[in-house]
Each structure stands twice: as structure tokens, then as C-alpha cells.
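Each remark here refers to the structure printed beneath this line.
This is the structure:
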């Protein structure tokens, strides 16, 4: 069985993730034009409620399987490896059933009594089957990742995104067209009595959001089906001879206990991480609703000309509208952590292998590679997003909501740097046998975020930006605390200057260069799309040249990439490495 190197596996996952994010952008940008900010608010209320359970299935469970598989594979215990998968399948499916039942029962209470948005119930219930499908595929993803074969995970993610795009957008468009046509012809929309045009429109938006969510559910099913079929056709590459020579597997019960022992803290960490979105969905709307009741004039003055008249006439819809704008900013913010998620997934089996063998030189080398690549990826992305917040928001979303989105991005951009560091460092702590530490630190970070959100979001002049500041404070603390704990647990001394300072300086130059290029292009009268594209290219060139001049790209990391040897030799000839 051929293993992929850490960076090669990360490269495959990142390539797959890039395709997924492009498809996601093609999905969400037209969807926002179909259903508007209010509809996007409902869509994301459902998605963030589902997020912790979804993360448990797609991140928590696979990480637990990956770690146990990697540890046994590194020691040649192939029968134990196979047994991990056979135990994980029914175990995770049982969790999926419990999650689906719990979401079905609690969703009405959450919509009616906690956030006060009854229309959100439609997209929330449409997501329930996705929990089962995600748990079904989780055992396969974790198993292949533990064997350091990242291809199946990457392909399944692309399949999931493609189905979501085609079916989700199609259903949302169909519902909007049918609902509005029915209202124009008969004065009713899906059974709504005649009269109350605004209420008819809101119900149609809710049902269209539910249609988009059904695309997400169908995508989860498609991904799980692909992984199941691939397993039956190709297996895992572990030969019969290797399994005959390996020691026999232990008892099913012992494997289940070992899996649950890892799953517990990892799952809790995954839930806590995605709880940030649920915190925003819950507290942001409730705190803005408090402003609407106590000081509506001060809030609405800050958004004069940006909120459509339909929402101004029904003040109770303004919190969901503004939350929808916030989620548009979050869509861009999440692109940066998504890039390093692949690095964390690939790092887990690689670091686990070195830790299990007690190979300290290899452990240090792999840890430094993980942190170095993470910093190289997230620095230009996060700082560039901050520098081009307003033009990117205008290009993608347009209309009155673009300034609202851009204002939030000014704080979310820097926050994305620290959030991007979280997954790789958490993976390394889990690999070193301290899966409890990310959970404990996340609990403190989430408490910090709740406190900042609760206080700042209720100030009329800050409102939405308070949630962004809460996110920044949360992940700044988390990044610093996890890096400190990683050093204490492993005993590996990390160089801040070598690993982080050069990428941060070059990333800052990238952001400044991109901002200057955009201003120059705009002054020449070029369109916003052309100016943004040119600014991104200019910033990227500045960043690459900055890294080359400061020799900020480690050779040992570069040669592990596809064609890395040739690239490294070329750079060495020019004195850039």
C-alpha cells in the first residue's frame, strides 16, 4: 500500500477543497440574488443549527477513526486497522439517528422561542436527513485519511458540492418562480390567504431556502454513496498477506471503547468549534432585536439606504436581514480556515505516526512543516481579504448590503488568520494523545466570544461588527493558547520568527499591494471586477517575491509537493532558496 507524504496529501485535499469552494461560491452568490439577505439569513440559521452535528459527523468522527487507524497502521497491526472501520460504521450511524431525532424535536422550540423566526423551521427540517448521510460517510473518510490516502475524501467533497450546486440552486429557483407566479395569479402563495403581500413574500423566501437546503442533503447522500461504492470496488490496498502476518484483531468491544475514548474529546472539540456559528445565529439576532425594541432610530440610522423598504415596514424582520448580511461576510471569512482544514486532516496521521514511533526528529520536522505551510497559506488570504473587503463585497453581492458586509469583513479578515491556525494545531494535539486540550481551550474561547457578542452586539453603533470582534478575540486567544500547549505537550521548541514572522510580513505587503493596485485601477476607470482581479494578481505576485527574497519557503517542505524537486532546484540556481 502506497502512502502519500504529508504535504502531498495536503495538496490533494487543498485542491479538492479549492474546487469545493469555487462550487460553493457559484452556489451561494446566485442563491443570495434569488432569495435575498432575509432568505440567506434563514438558510444560515438552519445551517448553523445543524453545524455542530454536521461537524461531529464530517470532522469529529473521521478524526477519531483516522488517528486510531494511523496508529495501528504505523505498527503493522492491519487486522486492528480493518476492525476500526467495521466498528465505526454502525457506531456512527447510531449517533446519526440520535442527532436526526434530536434536531427534529428541538428545531421548532429553537425557531419559535429562542430566535423568534418561525420561518426558519422549513430549511431546518430539510437538513435532518443530511445528518444520517454524513455519519454514514464519516467512517469511510476517516479510514482512508488514517491510511494517508486523501483522494477519496477530496473526491467525495467535490461530488457533495456539485450535487448541492445543481439541485439546491434548481430547487430554490423553482420555488421562487412558482411561489411568486401563484401569488400574482390567485393572491395566495402555497396556501397563504389573499392579502399580506409582504408576508407572502417572506414565506416564499423561507420555502426557497428550504429548497436550497435540500440540495445540501442530497449532496451528503451522494458523497456517502460514492465512498461506499469505492470501498466495495477498490478496498483499501491492504493485501491479504499483510493481514495474515499481522497479529489478530482484539475484541469488538475493546475497539469500540478505544474509538469512543478518542471520539469523545475530538467530537466535543468539533461541536464547540462550530458552536461559534450557532452563537452568532442566536445571540446576534436576539441582541439586534433588543436594539430594535429600545433604540431603533440609532440602529437604522447606521444603515440608511441599505435596508429594503419591506423590512423597514416590518421591524421584526430586520435582525434576520442583518444576520443574513453577516453570513455573507462569514462565507468569505470561512474560505481561509477551509484552506488549512486540509492541512490539519493530512497532518493528523503523519504526526500520529511519528509520535507512536517516538521518533522525535521526525516529529519536530513534521510539526514545523504543518505550521510553516499553514502560515504561508493563511497570511496572504486573511490580510488580503481585509484589504479588499469593500470591493470584493461589492463585486460578489452588490446592492445596498455590500457596505454592511464589508464593515464586518474588516474584523473577520484578521480573525481568519487565527481561526486558520486552529485545525492544524488541534490535529497535532490530538495526534500527541491530548485531544482533551482543544476541547478545554475551546470552551474558554467560546465563553469569551459569548461575552463579547452579548455586550458589543447590543450597542447600536456597533451591532453586527460586535460579532466580528467576538470572533477575533475568540480565535486570537485560541491560537496563542494551543501553540503554547503544543510546545508543552511535545517538548518541541518552535521558532515564531522562522515559522510565522516572514509569512506575516509578506502577507501585510501583499494586502497593501493589493489595496494600492485596486485604487490605481479604479482611478483609471476600470470596472470593479477587472480592478479586483488585477489587485489579487498583483498582491499574489508581491507575496511570492517577498517570500523568495526573504527565503521564507523551506526547501524540505517544497520538495514534498508534486514536482517539488524540480521547483526547488530552479529556485536554488537563482539564489532564492
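Residue numbers (the numbering used here): 2 to 578.
Here a beta-carbon is modelled for each residue, glycine too, at the ideal position from N, C-alpha and C.
Where residue i falls: helix, strand or coil (DSSP)
i: residue 16; result: helix
i: residue 315; result: coil
i: residue 360; result: coil
i: residue 249; result: coil
i: residue 552; result: coil
i: residue 354; result: helix
i: residue 527; result: coil
i: residue 304; result: coil
i: residue 324; result: helix
i: residue 239; result: coil
i: residue 49; result: helix
i: residue 436; result: coil
i: residue 309; result: coil
i: residue 206; result: helix
i: residue 172; result: helix
i: residue 335; result: coil
i: residue 195; result: A caution first: residue 195 carries a pLDDT of 37, below 50, which makes its placement in the model too unreliable to give a value.
Contacting residues, own chain, Cβ-Cβ under 7 angstroms from residue i (five flanking each side not counted)
i: residue 403; result: 394, 395
i: residue 221; result: 131, 134, 135, 161
i: residue 330; result: 406, 409, 410, 413
i: residue 19; result: none
i: residue 233; result: none
i: residue 296; result: 461
i: residue 120; result: 43, 203, 204, 207
i: residue 515; result: 385, 388, 389, 536, 537, 539, 540
Where the alpha helix (DSSP H) containing residue i begins and where it ends
i: residue 415; result: 403 to 432
i: residue 158; result: 152 to 164
i: residue 494; result: Unbroken run through residue 494: none, as it is neither H nor E.
i: residue 458; result: That residue, residue 458, is in no alpha helix (DSSP H); it is neither H nor E in DSSP.
i: residue 149; result: Unbroken run through residue 149: none, as it is neither H nor E.
i: residue 293; result: 286 to 295
i: residue 397; result: 390 to 397
Close Cβ partners of residue i (< 6 angstroms) along its chain, the five nearest in sequence each way excluded
i: residue 72; result: 353, 357
i: residue 324; result: 42, 285, 286
i: residue 471; result: 450, 453, 454
i: residue 198; result: Because residue 198 carries a pLDDT of 43, less than 50, the predicted location of this residue cannot be relied on, and the following value inherits that uncertainty. Result list for residue 198: empty, nothing under 6 angstroms.
i: residue 446; result: 475, 478, 479
i: residue 463; result: 457
Other residues of its chain near residue i: CB distance less than 8 angstroms, five sequence neighbours each side excluded
i: residue 244; result: 79, 80, 83
i: residue 551; result: 503, 506, 507
i: residue 159; result: 17, 20, 21, 24
i: residue 126; result: 105, 108, 211
i: residue 94; result: 133, 136, 137
i: residue 313; result: 301, 319
i: residue 279; result: 49, 50, 52, 53
i: residue 591; result: One cannot answer for residue 591 here, as it falls past the ends of the chain, which runs 2 to 578.
Short CB-CB distance (under 9 angstroms) between residue i and chain D
i: residue 378; result: Reference to chain D is not applicable here, since this structure consists of a single protein chain.
Legend entry - Continuous alpha helix (DSSP H) assignments of at least 4 residues falling wholly in the segment 66 to 135: If one requires a minimum length of 4 residues, the alpha helix (DSSP H) runs lying completely within the segment 66 to 135 are 79 to 110, 122 to 127, in chain order.
Inset, instruction - Count the C-beta pairs between the segment 469 to 476 and the segment 448 to 458 that are closer than 8 angstroms, then say yes if the count reaches three, no if not. - result: With a cut-off of 8 angstroms, the segment 448 to 458 and the segment 469 to 476 count as touching, because enough Cβ pairs lie within range.
Inset, instruction - State whether the segment 360 to 376 contacts the segment 485 to 496, with contact taken as three or more CB pairs (one from each stretch) at a distance under 8 angstroms. - result: In short, these stretches touch, since the Cβ pair count reaches three.
Legend entry - Inter-stretch contact at 8 angstroms, needing at least 3 Cβ pairs: the segment 102 to 109 / the segment 246 to 254: no
Inset, instruction - Could you tell me whether the segment 26 to 34 touches the segment 385 to 393, where touching means 3 or more Cβ pairs closer than 8 angstroms? - result: no
Legend entry - Inter-stretch contact (C-beta, 8 angstroms, three-pair minimum) for the segment 421 to 434 and the segment 370 to 377: yes
Inset, instruction - Would you be able to state if there are at least three C-beta pairs under 8 angstroms between the segment 138 to 147 and the segment 214 to 230? - result: yes
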